[in-house]
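For the protein sequence lines, the chains are A and B, in the order given. All residue numbers for the first sequence refer to this note's numbering, where the first residue is 1 and numbers rise by one. All residue numbers for the second sequence refer to this note's numbering, where the first residue is 1 and numbers rise by one. Some notes on the structure that comes next.
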Amino acid sequence: MRRPSFAGYLRLAASVFLLVLIALMLMLPLASARAQEPTPTDDEVNRIAHQLYCPVCENTPLDVCPTEACRQWRDLIRQQLTEGWSESRIQQYFVQQYGARVLAEPPRTGLNWLVYLLPPLIILSGVIMLFRSLRSWTAQGSGGASGGQKAAPSKANAGADDYVARLEDELKKRS
Amino acid sequence: MSETTSTTPARRGVPLWAQVLVWVFLIGLLVMLAIGLNRSQRGTAQAGDRLSDFELTLFSGYEYNGQAQVSLGELRGKVLLLNFWASWCKPCEQEAAALRSAWAYYGDRGDVLFIGIDYVDTEPEAREYLRKFDITYPNGPDVGTRISQMFRIKGVPETYFVDRDGVLRYVHVGPFNSEDQIRAIIDPLLQ
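Okay, here's the thing in structure tokens:
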């Protein structure tokens with residue numbers, strides 16, 4: 001049996017080196033992915049915190065609230081994100097623990113629907129009333145002066161004129 | 001003058017049923033508003049109020065006689081101290097030592113029970129607080145802030161003293177300064 005030449009050893013070493021290199025290159029992204037896993041950014045935490053209100057500091061969204069209680073809540077959100085919780089699961093947790101009033105937007109259930117339905121209904125009714133009023137004003141305006149000529153007295157106006165004339169007659173008789 | 005037969009056209013208005021509906025709706029809305037305002041204007045629960053029953057799930061390690069849950073109803077016959085607190089609350093830290101020593105005084109009697117109700121808090125910090133101040137009486141989170149809403153608390157710390165018949169006898173808003181202050185309230189309830 002012929003022993004491999006020096007060049008053969010070199011080729012073998014080069015092949016092994018190449019294989020090791022490829023294996024290392026394949027493992028590199030996995031290693032970096034593991035390193036990136038934890039620590040959600042402040043923006044990610046604040047995006048969820050912005051949708052929540054701590055009952056202690058009313059009217060201040062959680063993402064900008066400076067109190068210790070709110071800082072703890074933000075830390076909790078960060079921890080939950082780190083553990084892979086979804087946004088809706090985090091919200092659900094806060095509602096369960098602290099009540100629905102922590103939500104920036106009331107849940108669409110029961111009487112809460114009034115919050116969503118009333119404003120558009122009121123605006124719609126206002127628009128309809130305004131439209132009807134404008135239409136009646138326009139009708140009156142065009143009836144009062146059509147084409148610069150004196151409008152023919154309507155039956156109602158004729159009745160009113162007759163009444164005024166009779167009233168004036170009565171007043172003259174009495175004076 | 002010829003007689004004119006005036007036939008005024010019938011005015012098209014909002015139908016009666018719609019008007020009634022709108023008024024009923026508006027009045028209903030006003031009633032709801034009034035109820036809400038009335039509720040928000042009322043202060044905390046007052047001495048003399050008979051408390052409704054409630055259940056509190058306790059932190060593990062802070063159970064009552066091995067039970068993970070405690071209800072007000074089953075505690076009739078005991079004088080209760082219900083303390084609302086939170087780990088982020090600095091005044092709560094001020095009174096922690098007084099509560100601890102008062103519990104050390106009454107704890108073994110069996111007819112007095114202290115219960116801590118943790119308001120709007122996170123569990124790790126709450127546990128750290130209990131450990132730091134060596135508090136051992138039953139404690140649990142106010143899940144859904146249901147109990148604090150029932151008592152209409154205005155903040156923490158607030159402490160409510162309930163007699164053996166389940167009637168609220170004293171409300172203390174703010175921190176206790178000493179154990180004596182607590183004993184001065186509990187002792188008359190035991191007589």
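We treat Cβ as the ideally placed atom computed from N, Cα and C, and that holds for glycine. On a predicted model such as this, the values are computed, not experimentally measured, just so you know.
Worksheet item: When you check each C-beta in the segment 63–87 of chain A against every C-beta of chain B, which residues fall closer than 9 Å?
Response: Thr67, Glu68, Ala69, Cys70, Arg71, Gln72, Trp73, Asp75, Leu76 and Gln79
Worksheet entry | Residues bridged to Asp118 of chain B [DSSP beta-bridge criterion] | B:Trp85 and B:Pro141
Fill in: Beta-bridge pairing of Val70 of chain B - partner residues as DSSP gives them
According to DSSP, which records beta bridges pairwise, Val70 of chain B is partnered with B:Leu56.
Discussion item. With distance defined between alpha-carbon atoms, name the residue in B:Asp121, B:Glu74 and B:Ile115 nearest to Glu63 of chain B.
Written reply: B:Ile115
Item to complete: Could you tell me which of B:Pro175, B:Gln191 and B:Val171 sits nearest to Gly48 of chain B, measuring between CA atoms?
Response: B:Val171
Worksheet item: Is the segment 52–68 of chain A in contact with the segment 81–89 of chain A, if contact means three or more CB pairs nearer than 8 Å?
Response: no
Fill in: Opening and closing residue of the beta strand (DSSP E) in which Phe94 of chain A lies
Per DSSP, Phe94 of chain A belongs to no beta strand (DSSP E); it is in the alpha helix (DSSP H), Glu87 to Tyr98.
Item to complete: State yes or no: is the beta carbon of Ala86 of chain B nearer than 8 Å to at least one beta carbon in chain A?
Response: yes
Worksheet entry | Interface partners of Gly99 of chain A on chain B, CB under 7 Å | Gly144 and Thr145
Worksheet entry | CB-CB length for Arg169 of chain B against Ala102 of chain B, believed under 8 Å | The pair is not a contact, with the Cβ atoms about 16 Å apart (cut-off 8 Å).
Worksheet item: Is the Cβ-Cβ distance between Leu113 of chain B and Lys90 of chain B less than 8 Å?
Response: no
Item to complete: Name the two residues that bound the continuous beta strand (DSSP E) containing Tyr170 of chain B.
Response: Leu168 to Val173
Fill in: Nearest neighbour of Phe151 of chain B, chosen from B:Leu72, B:Tyr160 and B:Leu37 [CA to CA]
For Phe151 of chain B, the nearest C-alpha among the options comes from B:Tyr160.
Worksheet entry | Paired residues, beta bridge with Glu158 of chain B - DSSP | DSSP lists B:Phe84 and B:Val173 as partners of Glu158 of chain B.
Worksheet item: chain A beta carbons: is any one of them nearer than 8 Å to that of Val120 of chain B?
Response: yes
Item to complete: Please list the partners that Glu125 of chain B has in chain A, where partner means a Cβ-to-Cβ separation under 8 Å.
Response: Gln72
Practice prompt. Please state if the CB of Ile48 of chain A and the CB of Ile22 of chain A are separated by a distance shorter than 8 Å.
Written response: No; because the gap between Cβ atoms is not below 8 Å, this pair is not in contact.
Practice prompt. Name the two residues that bound the continuous alpha helix (DSSP H) containing Asn46 of chain A.
Written response: Secondary structure note for Asn46 of chain A: its alpha helix (DSSP H) is the uninterrupted segment Asp42 to Ala49.
Practice prompt. Give the DSSP-derived three-state secondary structure of Arg50 of chain B in the structure shown.
Written response: strand
Worksheet item: List, in order along the chain, the chain B residues whose C-beta lies closer than 8 Å to that of Gln96 of chain A?
Response: Val143 and Gly144
Fill in: Glu125 of chain B versus Ser87 of chain B - alpha carbon distance
6 Å
Practice prompt. Please report the Cβ distance between Gln97 of chain A and Val156 of chain B, rounded to the nearest whole angstrom; I am assuming they are in contact, meaning their Cβ atoms lie under 8 Å.
Written response: In fact, because the Cβ distance is near 16 Å, the residues do not count as touching under 8 Å.
Worksheet item: For Val22 of chain B, which of helix, strand or coil comes out of DSSP?
Response: helix
Worksheet item: When DSSP labels each residue in this structure, what does Pro120 of chain A get in the three-state scheme?
Response: helix
Discussion item. For a cutoff of 8 Å on Cβ pairs, would you count Cys57 of chain A as touching chain D?
Written reply: Going by chain labels, chain D is absent from the structure shown, which instead holds the protein chains A and B.
Worksheet item: Is the beta carbon of Ile147 of chain B less than 8 Å from the beta carbon of Leu56 of chain B?
Response: Yes, Cβ-Cβ distance for Ile147 of chain B and Leu56 of chain B is below 8 Å.
Worksheet entry | Extent of the continuous alpha helix (DSSP H) to which Phe151 of chain B belongs | Arg146 to Phe151
Discussion item. On the criterion of 16 or more Cβ atoms from any shown chain inside 10 Å, does Asp63 of chain A qualify as buried, or is it exposed?
Written reply: The residue in question, Asp63 of chain A, is buried, as its Cβ has 16 or more Cβ neighbours within 10 Å.
Discussion item. What does the alpha-carbon distance come out to for the pair Gly43 of chain B and Gln149 of chain B?
Written reply: Annotation: Gly43 of chain B to Gln149 of chain B spans about 11 Å, alpha carbon to alpha carbon.
Discussion item. Within the continuous alpha helix (DSSP H) that includes Thr82 of chain A, where are the two ends?
Written reply: Glu68 to Thr82
Discussion item. Distance check for Arg108 of chain A and Leu134 of chain A, CA to CA, integer angstroms please.
Written reply: 36 Å
Discussion item. Using C-beta distances below 6 Å, list every residue in its chain close to Thr4 of chain B, excluding the 5 sequence neighbours before and after it, in chain order.
Written reply: Confidence in Thr4 of chain B is poor, its pLDDT being 48 and thus under 50, which makes the residue's placement unreliable; the coordinate value appears in the next sentence. Once the five neighbours on either side are set aside, Thr4 of chain B has no close Cβ partner at all.
Worksheet item: Rounded to a whole number of angstroms, what is the C-alpha to C-alpha distance between Glu123 of chain B and Gln72 of chain A?
Response: Distance between the alpha carbons of Glu123 of chain B and Gln72 of chain A: 10 Å.
Fill in: Beta-carbon separation (whole angstroms), Ile90 of chain A vs Gln80 of chain A, contact threshold 8 Å
5 Å
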